[in-house]
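Below is one structure, written out as structure tokens; the observations come after it.
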Amino acid sequence: MEEGRMNAPLKSLMVLTAALLVSSALLVSPTLSWVYQDGSPQDVRFEMFGPRADNLLIKLYENEMVEWDALASGEIDVADWPLSKTYNDLFASDMTNPATGLPYNETINTVSYGGELGLYILDINNNPYEYLGNPPDPRYPNPVYPNPCSEVSFRQAIAHLVNRSWLETIVGTDFYIPLYTVVPPALGSYSHPDIAPGGVLENLTYPYSKIQAATLLDSGGFPLNVSSGWRFWDRNGNGEEESDEYLELKFVIRNDLDDRRDLGTLVADELNAVNIRVNRTYCTSGPAYMQVMCEKDFHLYIGGWNTGYDPNHLILWCWDLHWHPGFCYNFAGINNLEYCEAVDMMFDATKQEMIVAGARLAQKIFAEKAHGIPLWSHSGNKVMNRFYTGGNKWESVTPDDGENQYRGERWKGAVNMLGSGIDNFWSFLNMHPENCTRGDGENLTIRWGFKVPEIKILNPVYSSWQYDWNVLSMIYESLVKFSPYDPSSFIPWLAESFETGVYNHPTLGECIKIKMNLRVGATWHDGSPITSADVYFTWKELPEYIIPPWPWLLQWGERLLDFKILDPYNFEMLFDSGPLMYALRHLSYMVVLPKHIWKPLAESDLLASFAPDPNLIGSGPWRLEEYVESSHIWLVANRPGRTMQTNLPDSTFVTSPEGYWRYYPAGGDLSIDGSSMAKIEYYWMGWTPPSTPDPHELNFTAINLRFEEVTLDLDMELIFQNGTVVEYSYYDVVMNASGQAGAGWTASKTAILLGRIKVGSSVCVKQPVEFIGTYNCTSMVWSTIREDICGSTLYDDLGLSVYPYKNELQSPDIKIDMKDIGEAAHAFGSYPSHSRWRMGIADINDDYKVNMRDIGSIASSYGWTG
Numbered sequence: 006m007e008e009g010r011m012n013a014p015l016k017s018l019m020v021l022t023a024a025l026l027v028s029s030a031l032l033v034s035p036t037l038s039w040v041y042q043d044g045s046p047q048d049v050r051f052e053m054f055g056p057r058a059d060n061l062l063i064k065l066y067e068n069e070m071v072e073w074d075a076l077a078s079g080e081i082d083v084a085d086w087p088l089s090k091t092y093n094d095l096f097a098s099d100m101t102n103p104a105t106g107l108p109y110n111e112t113i114n115t116v117s118y119g120g121e122l123g124l125y126i127l128d129i130n131n132n133p134y135e136y137l138g139n140p141p142d143p144r145y146p147n148p149v150y151p152n153p154c155s156e157v158s159f160r161q162a163i164a165h166l167v168n169r170s171w172l173e174t175i176v177g178t179d180f181y182i183p184l185y186t187v188v189p190p191a192l193g194s195y196s197h198p199d200i201a202p203g204g205v206l207e208n209l210t211y212p213y214s215k216i217q218a219a220t221l222l223d224s225g226g227f228p229l230n231v232s233s234g235w236r237f238w239d240r241n242g243n244g245e246e247e248s249d250e251y252l253e254l255k256f257v258i259r260n261d262l263d264d265r266r267d268l269g270t271l272v273a274d275e276l277n278a279v280n281i282r283v284n285r286t287y288c289t290s291g292p293a294y295m296q297v298m299c300e301k302d303f304h305l306y307i308g309g310w311n312t313g314y315d316p317n318h319l320i321l322w323c324w325d326l327h328w329h330p331g332f333c334y335n336f337a338g339i340n341n342l343e344y345c346e347a348v349d350m351m352f353d354a355t356k357q358e359m360i361v362a363g364a365r366l367a368q369k370i371f372a373e374k375a376h377g378i379p380l381w382s383h384s385g386n387k388v389m390n391r392f393y394t395g396g397n398k399w400e401s402v403t404p405d406d407g408e409n410q411y412r413g414e415r416w417k418g419a420v421n422m423l424g425s426g427i428d429n430f431w432s433f434l435n436m437h438p439e440n441c442t443r444g445d446g447e448n449l450t451i452r453w454g455f456k457v458p459e460i461k462i463l464n465p466v467y468s469s470w471q472y473d474w475n476v477l478s479m480i481y482e483s484l485v486k487f488s489p490y491d492p493s494s495f496i497p498w499l500a501e502s503f504e505t506g507v508y509n510h511p512t513l514g515e516c517i518k519i520k521m522n523l524r525v526g527a528t529w530h531d532g533s534p535i536t537s538a539d540v541y542f543t544w545k546e547l548p549e550y551i552i553p554p555w556p557w558l559l560q561w562g563e564r565l566l567d568f569k570i571l572d573p574y575n576f577e578m579l580f581d582s583g584p585l586m587y588a589l590r591h592l593s594y595m596v597v598l599p600k601h602i603w604k605p606l607a608e609s610d611l612l613a614s615f616a617p618d619p620n621l622i623g624s625g626p627w628r629l630e631e632y633v634e635s636s637h638i639w640l641v642a643n644r645p646g647r648t649m650q651t652n653l654p655d656s657t658f659v660t661s662p663e664g665y666w667r668y669y670p671a672g673g674d675l676s677i678d679g680s681s682m683a684k685i686e687y688y689w690m691g692w693t694p695p696s697t698p699d700p701h702e703l704n705f706t707a708i709n710l711r712f713e714e715v716t717l718d719l720d721m722e723l724i725f726q727n728g729t730v731v732e733y734s735y736y737d738v739v740m741n742a743s744g745q746a747g748a749g750w751t752a753s754k755t756a757i758l759l760g761r762i763k764v765g766s767s768v769c770v771k772q773p774v775e776f777i778g779t780y781n782c783t784s785m786v787w788s789t790i791r792e793d794i795c796g797s798t799l800y801d802d803l804g805l806s807v808y809p810y811k812n813e814l815q816s817p818d819i820k821i822d823m824k825d826i827g828e829a830a831h832a833f834g835s836y837p838s839h840s841r842w843r844m845g846i847a848d849i850n851d852d853y854k855v856n857m858r859d860i861g862s863i864a865s866s867y868g869w870t871g
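Take any residue in the sequence shown, note its place counting from 1, add 5, and you have its number in the numbering used here.
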């Protein structure tokens, strides 16, 4: 939206997730493409494990030009900033690079990332009313009434007069993408794929044609007055121009921006060419703002609008956002009930596919009525060296510094993120030289440039600057991520899975919820398990220590009401209002922090300091080793068993026993009875348990995370509390490449499950050769009844008896006694956000309140043991 964007009111949010992970790696759908350095086209390869490199060295520069020169001289491998036209043309040319003696384009790869967020649009005043306001107010006459642009055919004729090929000269071939719908391609699947040249709805792109425009004008009541040579609006249909049928458009054109000035002038010329008078008002942003957005005294205006990754900006063309006097978002006066219903469908959705459907329907309606004419989004190119530089333009050194084995090899694995480019989390997880699949553990180094000489703060709570988060996002992670090639596609990350839905709050009515299954086996850099207690602390407890206004990170959790903990790895996030698309986006942005580190910091005076945790213990693929202002930031791969210390004051040596939880290329999944719940529930008639529990089916799934066939052996071991061990083994399992049908392999077994069960998994990779080895994981399963709500803690179950705050994450103890009844009694009368709700563990019947039904259910099972 013009000069900023409005966030539509948040409704209610929430997320569902469940499943038992028996894995040391993550399965997600493949995203888009690897970038090749030899001229091969990008393809659909993408692997979800790593990092393959040993180090990520971030070099700090004074500005982008110094950074680009450093890349050209072979000092860095990847630059962070989109190229200017001068550098783009230079690096794409075959001119000789004096630093290397080779043509620039032979060693440097300029890669377009497509359109950016935001759009430019020909705003058309649609307002048909005699008066301004909502409802129209006789105190405020409409300055353009009667308004010819209120006629659909007239707007469609204008659309046919826009030739987007003009932008090649006005903006530049490599620096724009043409738009045909008001949701730009940078928003992925939210953008309507069929409203495009060659698409099913190509007619809604209104291909450039003065003939078609004239035909629409002639048939739509805008004939030519042969005497004057100009068209008029034949409102009474008598074929004669009356005094009130004079036709002249007010076109406000910004002259402080060359692209808007030049395009506006050409569109005005086209209108003149089909015999429509145009009153051109050239002005700067201030006068344009007053005349267009405040006074609504215009017919046409080229506006620039910012967007986020969600299509929430579509609400800005709904009638509710038109008002007068003063500025309003819907200054174009668009009043289309069908359009607004489609937007409401998007905002009221409880499933992601409904959001996409609502957004696409709204775009189709907008285009059919030509409420405005989408023009272009800016685009850009980022740059990387095609070959591993080693920091010295790939020249071998003596004595060997350990990098000679990589120097001069082509880079593989760079991921070109939609609207952002090749320098991103995904690239640095995948990148490696062509001659090796992984570094030697010490020397394989990716060199990344920043166009700034310093970062401001290494604090994930208070940081809001892009460059801080470029670093922090390599160290800390969120529950979900969005696909780098489709922001509308959300990938479970620290969550193994999630599901969206609604719940009925006792006082607020229907609200959004998201049910999460946390990934079992994922650990912090210090080896501690990541649990729902960490998520609850980050989203619910940490904000209580902050004096408003909340910092950027915590604003995402502002509308979260509470949690409902189902077991230590399964929980529901209960929001007080929607929409769902905001909740999902917030989940992808808000990193989870380790409670055992950050709760003591929150209770101290260090929370807002430069680096409250000098060890920067997160869960991500990279760990900080060194930050030197005006020089560099050194990150090292989170490898199993690595012990290291940062150079920040008060840091200590920290060992990561397991390493990054998606470090390995193969993994597994365990579910029971087709359920994704770790807590298995027995149901029976009445209150007497059966003498012999029913058997449950255990479903094993092995997962291939590579884009090549994998062969492995799989061993599963279940250890019961009484010492019984049950083992399952499978040999020579062959799995297709990731992303293809059948990439996973499954098996099922039937067994009696009682009590708390430790699940061990060994995935033994036999092919491909570079990943031969055995990868182990251990997790926990609770087989109990719903009424068993407490009695133990997850940390005690895992053998961490001295873990801080362990009593704040209770787990079943496989019996019903006074602990369970006491917990329910304490929570009696509570509901989400109530002070005694205590994460809802006493809500047995899932009605989001604790009452006598819950207490009675527990009391009826008193004395039960598993």
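For glycine and all other residues, C-beta sits at the position ideal for the given N, C-alpha and C.
Burial is judged here by how many other beta carbons sit within 10 angstroms of a residue's own beta carbon; residue 799 has at least 16 and is buried. Within the same chain, 40, 42, 388, 389, 390 and 391 come within 8 Å of residue 114 by CB-CB distance, once the 5 residues on both sides are set aside. Beta-carbon to beta-carbon, residue 590 and residue 315 are separated by about 6 Å, close enough to satisfy the 8 Å threshold. Cβ atoms of residue 428 and residue 179 stay farther apart than 8 Å, at about 18 Å. Bounds of any beta strand (DSSP E) do not take in residue 337, whose DSSP letter is neither H nor E. Relative to the Cα of residue 853, the nearest Cα in the group 569, 821 and 763 belongs to 569. Just measuring C-alpha positions, the residue of 764, 751 and 741 sitting nearest residue 772 is 741.
Shown here, residue 787 sits in a strand according to DSSP, grouped into three states. Rounded to whole angstroms, residue 339 and residue 243 show a C-alpha spacing of 29 Å. Taking C-beta atoms as the reference points, residue 765 and residue 714 fail to come closer than 8 Å.
Note that the C-beta distance between residue 505 and residue 355 is below 8 Å. A distance of 8 Å or more separates the beta carbons of residue 762 and residue 869. Taking all protein chains shown into account, residue 866 has 16 or more neighbouring C-beta atoms within 10 Å of its C-beta and is therefore buried.
DSSP places residue 153 in no alpha helix (DSSP H); its state is neither H nor E.
Looking at the DSSP output, residue 114 shares a beta bridge with 389. Taking C-alpha positions only, residue 166 is separated from residue 369 by approximately 20 Å. DSSP, reduced to helix, strand and coil, places residue 495 within a strand of the structure shown. Residue pairing from DSSP places residue 797 in a beta bridge opposite 816.
Counting only runs of 4 or more residues that sit fully inside the segment 356–421, the alpha helix (DSSP H) segments are 357–373, in chain order.
In this structure, 279 is the residue among 410, 279 and 173 with its C-alpha nearest to the C-alpha of residue 164. Here residue 329 is near residue 137, since their CB atoms are less than 8 Å apart. Selection 497, 160, 190 and 214 evaluated against residue 170 yields 214 as nearest (Cα-Cα). When secondary structure is reduced to three states using DSSP, residue 436 falls in the coil class, being assigned neither helix nor strand. Rounded to whole angstroms, the gap between the alpha carbons of residue 526 and residue 805 is 15 Å. Given a length threshold of 4 residues, the segment 241–277 has no whole run of the alpha helix (DSSP H) inside it. Runs of the alpha helix (DSSP H) spanning 4 or more residues and lying entirely within the segment 544–570 occur at 557–560, in chain order. Nearest to residue 276 by alpha-carbon distance, out of 531, 466, 288 and 305, is 305. Pairing residue 62 with residue 294, the inter-Cα distance amounts to about 45 Å. Across the structure, residue 327 and residue 120 are spaced so that their CA atoms are roughly 29 Å apart. Membership of residue 772 in the beta strand (DSSP E) is indicated by the continuous run 760–772. Your pair residue 829 and residue 793 does not check out as a contact, with CB atoms roughly 12 Å apart and the cut at 8 Å.
Around the C-beta of residue 663, 16 or more other C-beta atoms lie within 10 Å, and the residue is accordingly described as buried. Take residue 425, set aside five residues on each side of it, and the residues of its chain with a beta-carbon closer than 7 Å to its own are 118, in chain order. In this structure, DSSP gives residue 574 a state outside helix and strand, which the three-state scheme calls coil. With contacts defined as CB atoms closer than 8 Å, residue 65 and residue 455 qualify as a contacting pair. For residue 503, the enclosing beta strand (DSSP E) begins and ends at 500–510.
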